[in-house]
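Remarks on the structure that follows.
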Amino acid sequence: MIRAFETHKIRYQKELTGQLWQFTPCQGRLAGKSFMVATPSCWESYPDFGNYRGEGIYRTTFQAGGNLRLECKGVSHTATVFLDGQEIMRHYNAYTMFDTVIPNVPYGEHTLEIKADNRFSEDSALHIPNDYMSYGGVSRPVVLEQLADVYIKSIQVTPLWQDGSWQAKASLTVKNITDHPCSCDVSASIDTPETVRAEWAGETLAPGEEKLLQKNLFFSQVEPWSMEHPQLYRVNVVLTLDGEPADDLTDRFGFRVVSTEGKRILLNGRAVRIKGFCRHEDHPQFGCALPYGAMAADLDLIRHLGANSVRTSHYPNDEVFLDLCDELGILVWEENHARGLSLENMKNPHFEEQAEQVIREMIPAHYNHPCIYIWGILNECASDTEYGKECYQKQLELIERLDRTRPRSFASCKFKTDICFGLPEVVSYNIYPKWYHETPPGEYLEDLYQWVQRETEGAGKPFLITEIGAGGIYGYRNPYHSKWTEEYQAETLAEQVSAVLEHEDCCGVYIWQFSDVRISEEWFGGRPRTMNNKGVVDEYRRRKLCYDRVKQIFEAYDNYID
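Structure (C-alpha coordinates):
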(Lines of atoms letter the chains of each structure in order from A and count residues from 1; the text may use other names and numbers.)
(Lines give C-alpha, C1' and ligand atoms only; values in the text may rest on other atoms or scores of the structure.)
Protein backbone atom coordinates (compact mmCIF):
# COMPACT_ATOMS: atom_id res chain seq x y z
CA MET A 1 0.00 0.00 0.00
CA ILE A 2 1.64 3.24 -1.17
CA ARG A 3 -0.59 5.81 0.53
CA ALA A 4 -4.08 5.92 2.05
CA PHE A 5 -5.33 7.79 -1.03
CA GLU A 6 -4.64 7.98 -4.77
CA THR A 7 -1.76 10.30 -5.65
CA HIS A 8 -1.85 10.04 -9.46
CA LYS A 9 -4.47 9.76 -12.20
CA ILE A 10 -2.28 10.73 -15.16
CA ARG A 11 1.15 9.46 -14.20
CA TYR A 12 1.50 5.68 -14.38
CA GLN A 13 2.28 4.33 -10.93
CA LYS A 14 2.54 0.77 -9.71
CA GLU A 15 3.57 -0.74 -6.40
CA LEU A 16 6.13 -3.46 -7.07
CA THR A 17 5.84 -4.81 -3.54
CA GLY A 18 2.59 -6.26 -2.28
CA GLN A 19 3.56 -9.51 -3.96
CA LEU A 20 6.15 -12.29 -3.74
CA TRP A 21 9.81 -11.47 -4.40
CA GLN A 22 12.79 -13.80 -4.43
CA PHE A 23 14.99 -13.46 -1.33
CA THR A 24 18.57 -14.76 -1.19
CA PRO A 25 20.72 -14.38 1.95
CA CYS A 26 24.38 -13.60 1.35
CA GLN A 27 25.88 -14.95 4.59
CA GLY A 28 25.27 -17.78 7.02
CA ARG A 29 24.41 -21.43 6.56
CA LEU A 30 21.65 -20.63 4.05
CA ALA A 31 23.79 -18.27 1.93
CA GLY A 32 22.93 -18.52 -1.75
CA LYS A 33 19.66 -20.37 -1.22
CA SER A 34 16.58 -18.55 -2.56
CA PHE A 35 13.14 -18.23 -1.00
CA MET A 36 9.90 -16.66 -2.20
CA VAL A 37 8.76 -14.09 0.36
CA ALA A 38 5.95 -11.57 0.68
CA THR A 39 6.92 -7.92 0.47
CA PRO A 40 7.20 -5.46 2.13
CA SER A 41 8.66 -7.52 4.97
CA CYS A 42 11.54 -8.02 7.39
CA TRP A 43 13.59 -11.17 7.03
CA GLU A 44 13.42 -11.71 10.80
CA SER A 45 9.81 -12.77 10.19
CA TYR A 46 10.91 -15.60 7.82
CA PRO A 47 11.48 -19.12 9.18
CA ASP A 48 15.18 -19.66 10.10
CA PHE A 49 16.03 -15.93 9.84
CA GLY A 50 14.83 -14.64 13.20
CA ASN A 51 18.33 -13.54 14.25
CA TYR A 52 19.95 -13.07 10.84
CA ARG A 53 22.29 -10.12 10.66
CA GLY A 54 23.88 -9.74 7.27
CA GLU A 55 23.00 -8.98 3.65
CA GLY A 56 20.09 -10.24 1.60
CA ILE A 57 19.13 -9.72 -2.03
CA TYR A 58 15.49 -9.16 -3.01
CA ARG A 59 14.68 -9.73 -6.68
CA THR A 60 11.65 -9.13 -8.89
CA THR A 61 10.85 -8.37 -12.53
CA PHE A 62 8.52 -5.86 -14.15
CA GLN A 63 7.42 -4.70 -17.61
CA ALA A 64 8.00 -1.02 -18.39
CA GLY A 65 10.04 1.47 -20.38
CA GLY A 66 10.64 5.17 -20.99
CA ASN A 67 11.54 7.58 -18.21
CA LEU A 68 11.27 5.48 -15.06
CA ARG A 69 11.25 6.62 -11.46
CA LEU A 70 11.92 4.04 -8.76
CA GLU A 71 11.13 4.93 -5.17
CA CYS A 72 11.90 2.85 -2.10
CA LYS A 73 9.88 3.95 0.93
CA GLY A 74 12.22 2.12 3.30
CA VAL A 75 14.95 -0.53 3.19
CA SER A 76 16.55 -1.68 6.42
CA HIS A 77 19.03 -0.36 6.92
CA THR A 78 21.50 0.05 4.04
CA ALA A 79 20.39 -0.49 0.45
CA THR A 80 22.11 -0.96 -2.88
CA VAL A 81 19.69 -1.05 -5.82
CA PHE A 82 20.36 -2.61 -9.22
CA LEU A 83 18.36 -2.42 -12.45
CA ASP A 84 19.25 -5.12 -14.96
CA GLY A 85 22.51 -5.69 -13.12
CA GLN A 86 23.57 -2.03 -13.07
CA GLU A 87 23.75 -0.17 -9.77
CA ILE A 88 21.33 2.78 -9.82
CA MET A 89 21.29 4.01 -6.20
CA ARG A 90 22.59 3.52 -2.67
CA HIS A 91 20.98 4.64 0.58
CA TYR A 92 21.58 4.51 4.31
CA ASN A 93 18.81 4.46 6.92
CA ALA A 94 15.78 2.23 7.21
CA TYR A 95 13.20 4.91 7.89
CA THR A 96 13.33 7.42 5.02
CA MET A 97 12.45 7.18 1.35
CA PHE A 98 14.88 7.46 -1.55
CA ASP A 99 14.42 7.49 -5.30
CA THR A 100 16.09 7.83 -8.66
CA VAL A 101 15.01 8.64 -12.21
CA ILE A 102 16.36 6.53 -15.09
CA PRO A 103 15.57 8.14 -18.47
CA ASN A 104 14.98 6.35 -21.76
CA VAL A 105 14.79 2.79 -20.45
CA PRO A 106 14.03 0.34 -23.29
CA TYR A 107 10.53 -1.13 -23.16
CA GLY A 108 10.39 -4.74 -22.03
CA GLU A 109 11.02 -6.92 -18.99
CA HIS A 110 13.48 -5.64 -16.42
CA THR A 111 15.00 -7.11 -13.28
CA LEU A 112 15.12 -5.12 -10.07
CA GLU A 113 17.41 -6.22 -7.25
CA ILE A 114 17.71 -4.61 -3.82
CA LYS A 115 20.56 -5.69 -1.58
CA ALA A 116 19.63 -4.93 2.03
CA ASP A 117 22.18 -4.93 4.84
CA ASN A 118 21.32 -4.76 8.55
CA ARG A 119 24.84 -5.30 9.92
CA PHE A 120 26.37 -2.99 12.50
CA SER A 121 29.68 -1.33 11.64
CA GLU A 122 31.63 1.89 11.98
CA ASP A 123 30.03 3.02 8.72
CA SER A 124 26.63 3.04 10.48
CA ALA A 125 26.39 5.84 13.06
CA LEU A 126 22.63 5.63 13.68
CA HIS A 127 21.79 1.95 13.37
CA ILE A 128 23.69 0.54 16.33
CA PRO A 129 22.89 -2.13 18.93
CA ASN A 130 20.10 -0.49 20.87
CA ASP A 131 16.94 -0.67 22.97
CA TYR A 132 14.93 -1.52 19.87
CA MET A 133 15.48 -3.86 16.94
CA SER A 134 17.27 -2.91 13.72
CA TYR A 135 15.53 -5.22 11.29
CA GLY A 136 16.62 -6.23 7.79
CA GLY A 137 14.67 -6.25 4.55
CA VAL A 138 12.55 -4.30 2.11
CA SER A 139 10.37 -3.08 4.93
CA ARG A 140 8.27 -0.44 3.15
CA PRO A 141 6.78 -0.28 -0.37
CA VAL A 142 8.78 -0.06 -3.60
CA VAL A 143 7.08 2.04 -6.28
CA LEU A 144 7.56 2.23 -10.06
CA GLU A 145 6.47 5.29 -12.06
CA GLN A 146 6.68 6.31 -15.72
CA LEU A 147 7.43 10.01 -16.18
CA ALA A 148 6.95 12.60 -18.87
CA ASP A 149 9.98 14.62 -20.01
CA VAL A 150 9.00 17.24 -17.43
CA TYR A 151 7.44 16.03 -14.20
CA ILE A 152 6.13 17.34 -10.89
CA LYS A 153 8.71 16.50 -8.27
CA SER A 154 6.92 17.79 -5.17
CA ILE A 155 4.15 19.96 -3.77
CA GLN A 156 4.10 21.70 -0.40
CA VAL A 157 1.11 23.60 0.98
CA THR A 158 1.67 25.98 3.89
CA PRO A 159 -1.57 27.14 5.57
CA LEU A 160 -1.73 30.54 7.25
CA TRP A 161 -4.45 32.17 9.35
CA GLN A 162 -4.34 35.92 8.80
CA ASP A 163 -6.81 38.77 9.23
CA GLY A 164 -9.62 36.38 10.08
CA SER A 165 -9.32 34.10 7.06
CA TRP A 166 -7.29 31.20 5.75
CA GLN A 167 -4.55 31.48 3.18
CA ALA A 168 -2.18 28.88 1.75
CA LYS A 169 1.16 29.14 0.02
CA ALA A 170 1.51 26.54 -2.73
CA SER A 171 5.13 25.64 -3.50
CA LEU A 172 5.73 23.07 -6.20
CA THR A 173 8.82 21.85 -7.96
CA VAL A 174 8.96 20.72 -11.58
CA LYS A 175 11.93 19.12 -13.29
CA ASN A 176 13.08 18.70 -16.89
CA ILE A 177 14.84 15.34 -17.24
CA THR A 178 15.78 15.77 -20.91
CA ASP A 179 18.90 17.22 -22.58
CA HIS A 180 16.92 19.97 -24.32
CA PRO A 181 14.75 22.92 -23.17
CA CYS A 182 11.09 22.22 -22.46
CA SER A 183 8.09 24.47 -21.93
CA CYS A 184 5.11 23.49 -19.80
CA ASP A 185 1.93 24.82 -18.22
CA VAL A 186 1.10 23.94 -14.62
CA SER A 187 -2.09 24.30 -12.61
CA ALA A 188 -2.84 23.57 -8.96
CA SER A 189 -6.36 23.29 -7.59
CA ILE A 190 -7.52 22.74 -4.04
CA ASP A 191 -10.80 20.90 -3.62
CA THR A 192 -12.61 23.23 -1.27
CA PRO A 193 -16.25 24.29 -1.75
CA GLU A 194 -14.95 27.19 -3.84
CA THR A 195 -12.19 25.24 -5.74
CA VAL A 196 -9.30 27.66 -5.58
CA ARG A 197 -6.78 27.45 -8.43
CA ALA A 198 -3.28 28.67 -9.26
CA GLU A 199 -1.78 28.62 -12.76
CA TRP A 200 1.67 28.99 -14.26
CA ALA A 201 1.75 29.33 -18.05
CA GLY A 202 4.67 28.95 -20.42
CA GLU A 203 7.26 27.89 -17.87
CA THR A 204 10.50 27.11 -19.72
CA LEU A 205 13.04 24.80 -18.17
CA ALA A 206 16.61 24.36 -19.36
CA PRO A 207 18.01 20.84 -19.82
CA GLY A 208 18.06 19.12 -16.43
CA GLU A 209 16.65 22.20 -14.68
CA GLU A 210 14.53 22.00 -11.54
CA LYS A 211 12.25 24.99 -10.97
CA LEU A 212 10.31 26.15 -7.92
CA LEU A 213 6.85 27.65 -8.58
CA GLN A 214 4.98 29.48 -5.82
CA LYS A 215 1.68 31.30 -5.34
CA ASN A 216 -0.44 32.48 -2.43
CA LEU A 217 -4.05 31.32 -2.40
CA PHE A 218 -6.99 32.72 -0.42
CA PHE A 219 -10.00 30.89 0.99
CA SER A 220 -13.34 31.81 2.51
CA GLN A 221 -15.11 28.45 2.84
CA VAL A 222 -12.78 25.98 4.52
CA GLU A 223 -12.85 24.14 7.84
CA PRO A 224 -9.74 23.92 10.02
CA TRP A 225 -8.05 20.63 10.85
CA SER A 226 -8.32 19.78 14.53
CA MET A 227 -8.20 16.73 16.79
CA GLU A 228 -12.00 16.68 17.01
CA HIS A 229 -12.67 17.45 13.32
CA PRO A 230 -9.67 16.45 11.20
CA GLN A 231 -10.82 18.04 7.95
CA LEU A 232 -8.51 17.23 5.03
CA TYR A 233 -8.30 18.84 1.60
CA ARG A 234 -6.61 17.64 -1.57
CA VAL A 235 -4.28 19.67 -3.71
CA ASN A 236 -4.22 18.45 -7.31
CA VAL A 237 -1.39 19.56 -9.59
CA VAL A 238 -1.49 18.97 -13.35
CA LEU A 239 1.37 19.60 -15.78
CA THR A 240 0.66 20.07 -19.50
CA LEU A 241 3.08 19.60 -22.40
CA ASP A 242 2.10 20.71 -25.91
CA GLY A 243 -1.48 21.21 -24.78
CA GLU A 244 -1.87 17.68 -23.40
CA PRO A 245 -1.92 16.64 -19.71
CA ALA A 246 1.41 14.88 -19.16
CA ASP A 247 1.79 14.54 -15.40
CA ASP A 248 -0.04 15.05 -12.12
CA LEU A 249 0.43 14.83 -8.37
CA THR A 250 -2.14 14.83 -5.57
CA ASP A 251 -1.47 15.28 -1.87
CA ARG A 252 -3.53 16.09 1.22
CA PHE A 253 -3.20 18.79 3.84
CA GLY A 254 -5.21 20.52 6.52
CA PHE A 255 -5.79 24.13 7.46
CA ARG A 256 -4.14 24.39 10.85
CA VAL A 257 -1.45 26.50 12.49
CA VAL A 258 0.90 25.34 15.25
CA SER A 259 2.73 27.87 17.41
CA THR A 260 4.12 28.41 20.89
CA GLU A 261 3.13 31.20 23.23
CA GLY A 262 4.79 31.46 26.62
CA LYS A 263 4.57 28.03 28.24
CA ARG A 264 1.92 26.66 25.87
CA ILE A 265 1.81 24.84 22.54
CA LEU A 266 -1.06 26.17 20.44
CA LEU A 267 -3.08 24.43 17.75
CA ASN A 268 -5.17 27.00 15.90
CA GLY A 269 -4.74 29.33 18.85
CA ARG A 270 -5.78 26.84 21.56
CA ALA A 271 -3.36 25.42 24.13
CA VAL A 272 -3.15 21.65 23.65
CA ARG A 273 -2.70 19.07 26.37
CA ILE A 274 -0.69 16.14 25.07
CA LYS A 275 -1.89 12.71 26.18
CA GLY A 276 0.31 10.43 24.19
CA PHE A 277 2.28 7.27 23.68
CA CYS A 278 5.72 6.60 22.31
CA ARG A 279 5.40 3.90 19.67
CA HIS A 280 7.94 1.79 17.84
CA GLU A 281 7.19 0.23 14.47
CA ASP A 282 7.45 -3.28 15.86
CA HIS A 283 5.29 -6.40 15.80
CA PRO A 284 6.17 -10.05 16.48
CA GLN A 285 4.60 -11.14 13.19
CA PHE A 286 5.80 -8.32 10.92
CA GLY A 287 8.91 -6.81 12.53
CA CYS A 288 8.98 -3.15 11.50
CA ALA A 289 7.00 -3.81 8.29
CA LEU A 290 3.51 -3.37 9.75
CA PRO A 291 0.70 -3.58 7.16
CA TYR A 292 -2.17 -1.11 7.05
CA GLY A 293 -4.45 -3.26 9.20
CA ALA A 294 -1.88 -3.57 11.99
CA MET A 295 -1.22 0.20 11.97
CA ALA A 296 -4.93 0.94 12.11
CA ALA A 297 -5.41 -1.56 14.93
CA ASP A 298 -2.68 0.14 16.97
CA LEU A 299 -4.35 3.50 16.49
CA ASP A 300 -7.72 2.03 17.49
CA LEU A 301 -6.18 0.98 20.82
CA ILE A 302 -4.38 4.29 21.28
CA ARG A 303 -7.62 6.22 20.77
CA HIS A 304 -9.53 3.80 23.01
CA LEU A 305 -6.98 4.62 25.72
CA GLY A 306 -8.00 8.27 25.51
CA ALA A 307 -4.74 9.39 23.94
CA ASN A 308 -4.51 12.19 21.39
CA SER A 309 -0.88 11.94 20.28
CA VAL A 310 1.89 9.56 19.18
CA ARG A 311 5.63 10.08 19.34
CA THR A 312 7.37 8.21 16.50
CA SER A 313 10.21 6.90 18.62
CA HIS A 314 12.91 7.06 17.43
CA TYR A 315 12.72 7.63 13.68
CA PRO A 316 10.41 8.82 10.87
CA ASN A 317 7.37 6.60 10.42
CA ASP A 318 5.67 5.01 7.44
CA GLU A 319 3.65 7.52 5.41
CA VAL A 320 0.55 5.35 5.67
CA PHE A 321 0.68 5.58 9.47
CA LEU A 322 0.87 9.38 9.15
CA ASP A 323 -2.04 9.31 6.68
CA LEU A 324 -4.11 7.50 9.30
CA CYS A 325 -3.14 10.03 11.97
CA ASP A 326 -4.19 12.83 9.59
CA GLU A 327 -7.57 11.18 9.14
CA LEU A 328 -8.11 10.42 12.83
CA GLY A 329 -6.93 13.73 14.30
CA ILE A 330 -3.96 12.22 16.14
CA LEU A 331 -1.15 14.70 16.83
CA VAL A 332 2.31 13.39 15.95
CA TRP A 333 5.76 14.21 17.29
CA GLU A 334 8.04 12.98 14.51
CA GLU A 335 11.78 12.81 14.99
CA ASN A 336 14.92 12.01 13.08
CA HIS A 337 16.75 8.79 13.81
CA ALA A 338 18.99 8.55 16.86
CA ARG A 339 18.59 7.08 20.33
CA GLY A 340 20.97 7.08 23.28
CA LEU A 341 24.11 8.06 21.39
CA SER A 342 27.06 8.84 23.64
CA LEU A 343 29.60 11.56 22.95
CA GLU A 344 31.84 8.88 21.48
CA ASN A 345 28.98 7.69 19.21
CA MET A 346 28.34 11.26 18.07
CA LYS A 347 32.00 11.67 17.14
CA ASN A 348 31.66 8.87 14.59
CA PRO A 349 32.80 10.57 11.35
CA HIS A 350 29.52 9.56 9.67
CA PHE A 351 27.18 10.76 12.43
CA GLU A 352 26.48 14.36 11.40
CA GLU A 353 26.06 13.55 7.72
CA GLN A 354 23.77 10.59 8.37
CA ALA A 355 21.63 12.32 11.02
CA GLU A 356 21.23 15.46 8.92
CA GLN A 357 20.35 13.39 5.86
CA VAL A 358 17.43 11.87 7.76
CA ILE A 359 16.13 15.40 8.40
CA ARG A 360 16.57 16.36 4.73
CA GLU A 361 14.57 13.31 3.67
CA MET A 362 11.96 13.34 6.45
CA ILE A 363 10.69 16.91 6.33
CA PRO A 364 10.09 17.36 2.57
CA ALA A 365 8.40 13.95 2.40
CA HIS A 366 6.10 14.58 5.39
CA TYR A 367 5.67 18.36 5.24
CA ASN A 368 1.99 18.31 4.26
CA HIS A 369 0.81 16.06 7.10
CA PRO A 370 -1.30 18.25 9.41
CA CYS A 371 -0.97 15.67 12.18
CA ILE A 372 2.72 16.49 12.63
CA TYR A 373 2.82 19.35 15.11
CA ILE A 374 6.49 19.22 16.14
CA TRP A 375 9.85 17.98 14.84
CA GLY A 376 12.22 16.22 17.22
CA ILE A 377 15.86 15.16 17.05
CA LEU A 378 18.44 13.04 18.87
CA ASN A 379 16.63 11.25 21.68
CA GLU A 380 18.77 11.00 24.83
CA CYS A 381 22.04 11.87 23.13
CA ALA A 382 25.01 13.92 24.40
CA SER A 383 23.17 17.20 24.99
CA ASP A 384 25.24 17.75 28.13
CA THR A 385 28.48 18.32 26.16
CA GLU A 386 29.80 21.22 24.10
CA TYR A 387 30.43 18.99 21.09
CA GLY A 388 26.94 17.57 21.39
CA LYS A 389 25.51 21.08 21.58
CA GLU A 390 27.15 21.95 18.26
CA CYS A 391 25.49 18.93 16.67
CA TYR A 392 22.10 19.76 18.18
CA GLN A 393 22.36 23.33 16.95
CA LYS A 394 23.24 22.31 13.39
CA GLN A 395 20.33 19.88 13.19
CA LEU A 396 17.79 22.26 14.71
CA GLU A 397 18.93 25.01 12.34
CA LEU A 398 18.54 22.61 9.42
CA ILE A 399 14.95 21.90 10.49
CA GLU A 400 14.25 25.62 10.65
CA ARG A 401 15.54 26.10 7.11
CA LEU A 402 13.28 23.32 5.83
CA ASP A 403 10.16 24.18 7.84
CA ARG A 404 9.46 27.34 9.85
CA THR A 405 5.85 26.39 10.59
CA ARG A 406 6.39 23.85 13.38
CA PRO A 407 8.19 24.07 16.72
CA ARG A 408 11.28 21.94 17.41
CA SER A 409 12.40 19.90 20.39
CA PHE A 410 14.51 16.99 21.59
CA ALA A 411 13.94 14.51 24.39
CA SER A 412 16.64 14.78 27.05
CA CYS A 413 17.51 12.44 29.91
CA LYS A 414 20.34 14.59 31.27
CA PHE A 415 19.15 15.37 34.80
CA LYS A 416 20.20 18.93 35.64
CA THR A 417 23.15 18.79 33.22
CA ASP A 418 21.60 19.51 29.79
CA ILE A 419 23.08 22.62 28.10
CA CYS A 420 20.96 22.71 24.92
CA PHE A 421 17.56 24.06 26.05
CA GLY A 422 18.22 27.46 24.52
CA LEU A 423 18.07 25.93 21.03
CA PRO A 424 14.51 24.56 20.54
CA GLU A 425 11.09 26.09 21.13
CA VAL A 426 9.94 23.28 23.44
CA VAL A 427 11.81 21.71 26.39
CA SER A 428 11.27 17.96 26.72
CA TYR A 429 12.44 15.42 29.28
CA ASN A 430 12.38 11.64 29.65
CA ILE A 431 12.00 10.67 33.33
CA TYR A 432 11.42 7.36 35.15
CA PRO A 433 10.71 8.07 38.84
CA LYS A 434 9.86 4.94 40.83
CA TRP A 435 11.46 2.79 38.15
CA TYR A 436 15.15 3.67 37.88
CA HIS A 437 15.06 5.48 41.24
CA GLU A 438 12.59 5.73 44.10
CA THR A 439 11.87 9.49 44.13
CA PRO A 440 8.11 10.20 44.12
CA PRO A 441 7.05 11.35 40.62
CA GLY A 442 5.52 14.67 41.67
CA GLU A 443 8.57 15.63 43.73
CA TYR A 444 11.01 14.62 40.99
CA LEU A 445 9.09 16.46 38.26
CA GLU A 446 8.79 19.68 40.24
CA ASP A 447 12.48 19.64 41.16
CA LEU A 448 13.48 19.15 37.53
CA TYR A 449 11.04 21.75 36.25
CA GLN A 450 12.24 24.39 38.72
CA TRP A 451 15.85 23.72 37.73
CA VAL A 452 14.94 24.33 34.08
CA GLN A 453 13.28 27.62 35.03
CA ARG A 454 16.08 28.85 37.31
CA GLU A 455 19.24 27.68 35.62
CA THR A 456 18.69 27.05 31.89
CA GLU A 457 17.81 28.90 28.72
CA GLY A 458 14.67 26.77 28.59
CA ALA A 459 12.99 29.01 31.18
CA GLY A 460 9.53 30.15 30.15
CA LYS A 461 9.24 27.69 27.26
CA PRO A 462 6.63 24.94 26.84
CA PHE A 463 7.63 21.85 28.83
CA LEU A 464 6.78 18.24 27.90
CA ILE A 465 7.48 14.88 29.47
CA THR A 466 8.34 12.77 26.43
CA GLU A 467 8.91 9.46 28.24
CA ILE A 468 7.71 8.11 31.55
CA GLY A 469 6.87 4.55 32.51
CA ALA A 470 7.64 1.28 34.23
CA GLY A 471 8.16 -2.27 33.08
CA GLY A 472 5.57 -4.99 33.44
CA ILE A 473 5.68 -8.51 32.02
CA TYR A 474 2.33 -9.69 30.71
CA GLY A 475 0.88 -12.33 33.03
CA TYR A 476 3.45 -11.82 35.80
CA ARG A 477 1.60 -10.97 39.01
CA ASN A 478 2.22 -11.56 42.70
CA PRO A 479 0.71 -10.55 46.08
CA TYR A 480 3.55 -8.16 46.96
CA HIS A 481 3.55 -6.19 43.66
CA SER A 482 7.27 -6.37 42.94
CA LYS A 483 8.93 -4.67 39.98
CA TRP A 484 8.13 -6.28 36.62
CA THR A 485 4.67 -7.33 37.84
CA GLU A 486 1.60 -5.98 36.12
CA GLU A 487 0.44 -4.66 39.50
CA TYR A 488 3.58 -2.58 40.08
CA GLN A 489 3.48 -1.21 36.54
CA ALA A 490 -0.18 -0.19 36.87
CA GLU A 491 0.32 1.54 40.23
CA THR A 492 3.49 3.31 39.12
CA LEU A 493 2.12 4.50 35.78
CA ALA A 494 -0.99 5.85 37.47
CA GLU A 495 1.11 7.87 39.91
CA GLN A 496 3.53 9.06 37.21
CA VAL A 497 0.95 10.13 34.63
CA SER A 498 -1.26 11.82 37.21
CA ALA A 499 1.70 13.83 38.52
CA VAL A 500 2.52 15.12 35.04
CA LEU A 501 -1.03 15.99 34.01
CA GLU A 502 -1.66 17.69 37.34
CA HIS A 503 1.38 19.94 36.90
CA GLU A 504 0.02 23.31 35.79
CA ASP A 505 3.10 24.24 33.71
CA CYS A 506 3.48 20.94 31.87
CA CYS A 507 1.97 20.67 28.38
CA GLY A 508 1.47 16.94 28.60
CA VAL A 509 3.02 13.49 28.60
CA TYR A 510 4.10 10.64 26.35
CA ILE A 511 3.98 7.27 28.10
CA TRP A 512 6.84 4.91 27.37
CA GLN A 513 5.45 2.99 25.63
CA PHE A 514 2.47 1.73 23.67
CA SER A 515 3.54 -1.91 23.22
CA ASP A 516 6.39 -4.14 24.28
CA VAL A 517 9.05 -4.34 21.56
CA ARG A 518 11.97 -6.51 20.62
CA ILE A 519 15.46 -5.11 21.26
CA SER A 520 18.82 -5.85 19.67
CA GLU A 521 20.36 -9.11 20.86
CA GLU A 522 23.73 -7.31 20.87
CA TRP A 523 22.44 -4.63 23.26
CA PHE A 524 20.18 -6.58 25.65
CA GLY A 525 20.74 -4.14 28.54
CA GLY A 526 19.31 -6.47 31.17
CA ARG A 527 15.85 -6.51 29.58
CA PRO A 528 13.84 -9.65 30.42
CA ARG A 529 12.81 -11.65 27.34
CA THR A 530 15.21 -9.51 25.23
CA MET A 531 12.28 -7.10 25.05
CA ASN A 532 11.53 -3.61 26.28
CA ASN A 533 8.60 -4.53 28.51
CA LYS A 534 7.22 -1.09 29.36
CA GLY A 535 4.24 -1.30 26.98
CA VAL A 536 0.69 -0.85 28.25
CA VAL A 537 0.00 -3.77 25.93
CA ASP A 538 2.42 -6.58 25.22
CA GLU A 539 3.94 -7.28 21.81
CA TYR A 540 0.77 -9.14 20.76
CA ARG A 541 -1.34 -6.11 21.87
CA ARG A 542 -2.78 -7.96 24.88
CA ARG A 543 -3.83 -5.50 27.57
CA LYS A 544 -1.90 -5.35 30.82
CA LEU A 545 -3.44 -4.22 34.11
CA CYS A 546 -2.17 -0.66 33.54
CA TYR A 547 -4.30 -0.30 30.39
CA ASP A 548 -7.52 0.58 32.20
CA ARG A 549 -5.71 2.79 34.74
CA VAL A 550 -4.14 4.86 31.97
CA LYS A 551 -7.43 5.04 30.07
CA GLN A 552 -9.24 6.32 33.16
CA ILE A 553 -6.65 9.05 33.75
CA PHE A 554 -6.39 10.18 30.12
CA GLU A 555 -10.17 10.38 29.72
CA ALA A 556 -10.40 12.62 32.79
CA TYR A 557 -8.43 15.36 31.01
CA ASP A 558 -9.55 17.47 28.05
CA ASN A 559 -7.50 17.81 24.86
CA TYR A 560 -6.98 21.49 25.66
CA ILE A 561 -5.60 23.30 28.68
CA ASP A 562 -7.59 26.50 28.22
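Here the sequence shown is numbered in my numbering, starting from 91 and rising by one per residue. Heads up, the beta-carbon is just placed ideally off N, CA and C, and yes, glycines get one too. None of these values were measured; they are calculated from a predicted model.
| Check | Outcome |
| --- | --- |
| Whether residue 575 touches residue 558 by CB criterion (9 Å) | no |
| Nearest neighbour of residue 598, chosen from 519, 581, 303, 198 [CA to CA] | 519 |
| Through-space distance from residue 379 to residue 203, alpha-carbon basis | 19 Å |
| Rounded distance between the beta-carbons of residue 113 and residue 125, thought under 8 Å | 5 Å |
| Assigned secondary structure, residue 203 (DSSP; H/G/I helix, E/B strand, else coil) | strand |
| Helix, strand or coil at residue 584 [DSSP, three-state] | helix |
| Burial state of residue 426, where buried means 16 or more other Cβ atoms lie within 10 Å | buried |
| Proximity to residue 375 [Cα-Cα], best of 211, 288, 136 | 136 |
| Beta strand (DSSP E) runs wholly inside the stretch 165 to 215, at least 3 long, in chain order | 168 to 173, 176 to 182, 188 to 207 |
| For residue 358, the nearest candidate out of 328, 651, 443, 251 (CA to CA) | 251 |
| Through-space distance from residue 98 to residue 342, alpha-carbon basis | 12 Å |
| Touch test, the stretch 164 to 175 against the stretch 214 to 232, Cβ-Cβ under 8 Å, three pairs minimum | yes |
| Residues bridged to residue 232 (per DSSP) | 162 |
| Chain-order list of residues whose beta-carbon lies under 7 Å from that of residue 117 (same chain, five-residue window excluded) | 144, 145 |
| Closest Cα partner of residue 277 within the set 266, 262, 530, 269 | 262 |
| Beta carbon of residue 257 nearer than 9 Å to that of residue 308 | yes |
| Spatial neighbours of residue 641 in its chain, beta-carbon cut-off 8 Å, leaving aside the 5 residues before and after | 394, 395, 396 |
| Cα-Cα separation between residue 259 and residue 324, rounded to whole angstroms | 14 Å |
| Start-to-end residues for the beta strand (DSSP E) that takes in residue 324 | 323 to 331 |
| 9 Å Cβ cutoff met for residue 546 and residue 511 | yes |
| Neighbourhood of residue 213 by C-beta distance below 7 Å, restricted to the same chain and skipping five residues each side | 440 |
| Contact set for residue 634: own chain, Cβ-Cβ below 8 Å, skip 5 residues either direction | 562, 564, 576, 579, 580, 625, 626, 627, 628 |
| Spatial distance of residue 339 from residue 455 (CA atoms) | 13 Å |
| Opening and closing residue of the alpha helix (DSSP H) in which residue 227 lies | No alpha helix (DSSP H) contains residue 227, which DSSP labels as neither H nor E. |
| Cβ-based neighbour list, residue 477, same chain, cut-off 8 Å, excluding 5 preceding and 5 following | 433, 436, 437 |
| In DSSP terms, what residue 520 is bridged to | 557 |
| Beta-bridge partners of residue 272, as assigned by DSSP | 295 |
| CA-to-CA distance, residue 459 to residue 586, given in whole angstroms | 31 Å |
| As assigned by DSSP and simplified to three states, the class of residue 253 | coil |
| Whole-number beta carbon distance between residue 647 and residue 591, since they are thought to touch under 8 Å | 5 Å |
| Where residue 403 falls, given that 16 or more other Cβ within 10 Å makes a residue buried | buried |
| Proximal residues to residue 596 (C-beta, below 8 Å), its chain only, five neighbours per side dropped | 535, 539, 553, 554, 555, 590 |
| Nearest-angstrom Cβ-Cβ length linking residue 320 and residue 419, presumed shorter than 8 Å | 4 Å |
| Ranges of the alpha helix (DSSP H) found wholly within the stretch 486 to 544, counting only runs of at least 4 | none |
| Neighbour-count burial assignment, residue 675, 16 or more Cβ in a 10 Å radius | A query on residue 675 cannot be resolved here, the shown segment of the chain reaching from 91 to 652 and no further. |
| Contact belief for residue 479 with residue 509 at Cβ below 8 Å, rounded distance in angstroms | 6 Å |
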